[in-house]
Amino acid sequence: MNQATDRFLALVGDVPASTDPATIRRKSRDFYWYSPILREQLDGLQADCVVTPRTEHDLLAIARAARQSGIFLTARGGGTGNYGQAVPLRGGAIVDMTGLDGLVWLRGDVARVRAGTNMLALDRALRAQGRELRMFPSTKRTATIGGFVCGGSGGIGSVTWGGLRAPGNLLATRVVTMEDEPRAVELRGPDTRIVNHAYGTTGFVTELELPVEPAVDWCDMAVAFPDLTQAARFAHLLATQTGLQKKLVSVMDCRLLPYFAPLRNRVPAGRALVILMMAPAAIEPTRALIAREHGELCYSCNTAEAEDDPGHVPLYELTWNHTTLQVLKKDRSYTYLQTGFPPADALARVAALAAQFPDELLTHLEFLPMEGGMSCAGLPVIRFTDSARLDKIMAAHDAAGISVANPHVYTIEDGGAHRGLSPDLAADKRRFDPAGLLNPGKMRSFEALAGALDGAPNGAGRAAES
Ligand code: FAD
């Protein structure tokens, strides 16, 4: 431990802290290892200590102590981010936000929640009062709501509500700043962009206000189709049916089926798959649509029962970024991409890309509204050769008018999930974190302004200042 850390720990007083090496190692990692490129860059980077605030008062003490000692701080929720978002590039303290948890209040269709609340626990607390979250990531069991807003982009529910940053999906946030005198501020409406998907570089979110919906008893469904084109066409058709209440519409290449333990013995081999979550009233018309479009319903189950039973897997844990995880559990030679298809000709573009990379690209689509129409995000599973080949596959997407949010980089700007982000991230950071102590190295525009971007994750640039 260095002197700055000693000073910091002395200044935080009775806030729970740990310097146990195993705890530090565990809390310094996230799921960056999905990317062979990030694995090379981030393996072994870790903090000097972990602090666990219990209250906003504790968090303010941590912020003040960091300003006085010059130590870097990196917020951490469930640690499920994919791009090293919660990996401390330059040491300092991990701030474990999971102590700030619980539902603050529920008033009609608006909930106020603490940022460190686990998303499954939150959904259960809301369901006990007849409401549910509009959307959640497939990591619902482990992620926090604060981590989802600061690091995620959308998920189960996005087919109806769009991405996390679509106007109306986040009403307000309370944020602890790192100004000369750290304080808690309330950001409402568009001002929440300062922290939304900012990787905790602009402040600590302590509370969030979210719209919630009447609770629905969802039903998981797995539908097989002879090929990907028919599966994608059916998924698009279903996603656009405004009369059918739905929470999830996903499409999977037939080669992904062997990695899906709950389905591989239920769905005939070689079939493309559509995974759905439908409301009870939508089940009968969905079955009719499946029959009309020559699909085969191979499996259905109550989502909440699968979620509650340790012997079952809710189908959403095969979708969004869990699809890649199911593959990686068995074969580390794969990685993935994150893409966005414009609504015009989306399905034709899906087919063209699959044809262009027949052996390397396993199609995985998540349907959601985009640019005023129904379209899909792609999370294709990619057989990894080397970074030059990955660049070539990304360039082919670009040339076909398909946007890529590169998951093999650790800076906000290069990751590219820009829709709805603050237009001037660096200005936000200068305002709320003028000393640049929060999650250093993750905001390229700020680092460039500060003259500190040295290209190396653990580079000497700013670390030398601490
Ligand atoms: P963490 O990983 O702990 O943190 C994420 C970022 O937010 C970090 O930069 C951290 O510093 C910052 N942060 C955390 N809490 C705070 C806070 N209170 N204040 C300020 N900054 C904070 N993402 C999706 O959008 N949709 C998905 O469906 C999805 N599925 C996934 C599936 C798998 C298997 C994996 C590994 C990842 C998936 N992700 C998905 C990515 C990730 O799960 C989500 O971003 C998740 O919601 C992150 O929550 P977390 O609590 O784990 O955040």
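All letters in the sequence shown, in the order written, are residues 1 to 466 by our numbering. Note that beta-carbon positions come from the ideal geometry of N, C-alpha and C, so glycine has one too.
- Contact annotation: T286 and L318 have beta-carbon atoms that are not nearer than 8 Å.
- The beta carbon of A396 sits closer than 8 Å to those of L353, Q356, F357, all from its chain and outside the five residues before and after it, given in chain order.
- Taken in chain order, the complete beta strand (DSSP E) segments of 3 residues or longer contained in the segment 241 to 289 are 246 to 252, 272 to 278.
- Around the C-beta of D331, fewer than 16 other C-beta atoms lie within 10 Å, and the residue is accordingly described as exposed.
- By the CB criterion at 8 Å, A128 and I71 fall outside the cutoff.
- Classified as exposed, S387 has fewer than 16 neighbouring CB atoms from the shown chains inside 10 Å of its CB.
- L106 sits in a strand when the DSSP states are folded into three classes.
- Distances from the alpha-carbon of A377 to those of S158, P423, N118 put S158 closest.
- The ligand FAD approaches H322 closely enough that one of its heavy atoms is under 7 Å from the residue's Cβ.
- Of the candidates P211, T201, E366, E366 places its Cα closest to the Cα of L276.
- Using a 10 angstroms sphere on the CB of E305, the tally of other CB atoms stays under 16, which defines it as exposed.
- With fewer than 16 other beta carbons inside 10 angstroms of its own, D391 counts as exposed.
- Comparing C-alpha distances from L297 to each of F234, K140, L187, V327 shows the shortest one belongs to F234.
- Per DSSP, M374 lies in no alpha helix (DSSP H) segment; the continuous beta strand (DSSP E) that holds it begins and ends at 373 to 378.
- In the same chain as F341, and ignoring 5 residues on each side of it, the C-beta atoms closer than 6 Å to its own belong to R349, S375, C376, I402, in chain order.
- When only Cα atoms are considered, P314 and L425 end up about 37 Å apart.
- Across the set P226, G146, A450, the C-alpha of G146 shows the shortest separation from the C-alpha of L208.
- Between the ligand FAD and the CB of G147, the shortest heavy atom gap is smaller than 7 Å.
- Approximately 24 Å separates the beta-carbon atoms of Y410 and Q326; this is outside 8 Å, ruling out the contact.
- Taking each of V205, N265, A143 in turn and checking the Cα distance to F432, the smallest one comes out for V205.
- In this structure, K27 sits away from D101, with a CB-CB distance that is not shorter than 8 Å.
- For P36, the uninterrupted alpha helix (DSSP H) run begins and ends at 36 to 42, by DSSP.
- Between A435 and R67 a beta carbon distance of about 7 Å is seen, short of the 8 Å cut, so the two are scored as contacting.
- Residue burial annotation: D309 is exposed, with fewer than 16 other C-beta atoms found within 10 angstroms of its C-beta.
- Contact check between the segment 29 to 36 and the segment 78 to 90: three or more CB pairs, one atom from each, fall below 8 Å, which counts as touching.
- Here S138 is buried. Its C-beta has 16 or more other C-beta atoms within 10 Å.
- Rounded to the nearest angstrom, the gap between the Cα atoms of G84 and T142 is 16 Å.
- DSSP links G340 through a beta bridge to A377, S403.
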